[in-house]
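A.B. asks: Counted the way my numbering counts, the sequence shown spans residues 64 to 206.
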Amino acid sequence: MLVYLKLFWEIFSFSFTRMSRVVLQNSLDKEFHKILLNSNEQIIMCYDNQFKSFLITNMRIISIQKLKVTSEYNLVSKIFSIPLNQVGTTEMFGLKFFNISVLRITTAPGFKFYWFFKKDVSMEEISKTIIKVADNVQGISKI
C-alpha cells in the first residue's frame, strides 16, 4: 500500500514537470554531470527537467534529484545509479489523465524504479537504447 501511495505522490508532484530529452552537447556542459561520470563513461541519452535528470551511459543508468537549480550552481539531494549488468526488465505504460509516460525498471535483486516522462517522449527509443547498452555490458549479442 505504501508503494502505491509513493507512486501516486511521484505522479502527482512531477506530472507538471515531466522530463524531456536534452541535447547531449548541452548536458555535457553541466558540471554535476561531469563530476558524476567516470573517465571511461559516455552519456548516450539524457532527459532532464527542473527537478530531476535521467542519464543513460555506457555503464549504468543514473537518476539525479536536484534541490535547487540556478544558472550558477546545482545542489543535488539524491543520486542513485543502476549498473547495466543488473537491469532485469523494462516496462513502459502511460497515464492518460496526467498525460505522462512511465518507465519502470526492475533490477536483478528485485528493486523497482520509476521515471516519468512527457507523453511525446519516445518510450520505445528509451527502451531500445537501454536494452542495446545493457546487452553490450552483459555480453549478450543479438543476431
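Glycine included, every Cβ here is placed at the ideal spot set by N, Cα and C.
#1: Opposite residue 128 in the DSSP bridges: which residues?
#2: To which residues of the same chain is residue 197 closer than 7 Å at the C-beta, ignoring the five residues directly before and after it?
#3: Measuring alpha carbon to alpha carbon, tell me which of 156, 116, 184 and 183 ends up nearest residue 168.
#4: Smallest Cα separation from residue 142: which of 158, 117, 165 and 153?
#5: Closest to residue 192 by C-alpha separation, out of 115, 108, 177 and 145, would be which residue?
#6: Spatial neighbours of residue 176 within its chain, please: C-beta separation below 6 Å, excluding the five flanking residues on both sides.
#7: If you draw a straight line from the C-alpha of residue 170 to the C-alpha of residue 195, how long is it?
#8: For residue 200 and residue 172, I'd like the C-alpha separation in whole angstroms.
#9: Please classify residue 112: is it buried, with 16 or more other beta-carbons within 10 angstroms of its beta-carbon, or exposed?
#10: To which residues of the same chain is residue 190 closer than 7 Å at the C-beta, ignoring the five residues directly before and after it?
#11: For residue 157, write down the residues that DSSP places opposite it in a beta bridge.
#12: Is it buried or exposed, residue 204, if we count other Cβ atoms within 10 angstroms and call 16 or more buried?
C.D. replies: Taking the structure as given:
#1: Mapped onto the sequence shown, residue 128 falls at position 65. Per DSSP, 115 and 141.
#2: By 1-based counting over the sequence shown, the position of residue 197 is 134. Answer for residue 197: 147 and 150, listed in chain order.
#3: In the sequence shown, residue 168 corresponds to position 105, counting from 1. Taking only the C-alpha atoms, the option nearest residue 168 is 156.
#4: Residue 142 sits at position 79 when you count from the first residue of the sequence shown. Cα-wise, what sits closest to residue 142 is 117.
#5: Locating residue 192 in the sequence shown gives position 129, where the first residue counts as 1. Taking only the C-alpha atoms, the option nearest residue 192 is 108.
#6: Here residue 176 is taken as the residue at index 113 of the sequence shown, counted from 1. Correct list, in chain order: 168.
#7: Reading the sequence shown from its first residue, position 107 is the one you call residue 170. Reading the sequence shown from its first residue, position 132 is the one you call residue 195. Approximately 16 Å between the Cα atoms of the pair.
#8: For the purposes of this step, residue 200 is taken as the residue at position 137 of the sequence shown. For the purposes of this step, residue 172 is taken as the residue at position 109 of the sequence shown. Computed Cα separation, rounded: 17 Å.
#9: Counting from one through the sequence shown, the residue named residue 112 turns up at place 49. That one is buried.
#10: Stepping through the sequence shown from its first residue, residue 190 is reached at position 127. Here the set comprises 153 and 155.
#11: Residue numbering aside, residue 157 sits at position 94 when the sequence shown is read from its first letter. The partner list for residue 157 (beta bridge, DSSP) reads 164.
#12: Taking the sequence shown and counting its residues from 1, the one referred to as residue 204 is at position 141. With a pLDDT of 44 at residue 204, under the threshold of 50, the modelled position of this residue cannot be trusted; read the value that follows with caution. Under this definition residue 204 is an exposed residue.
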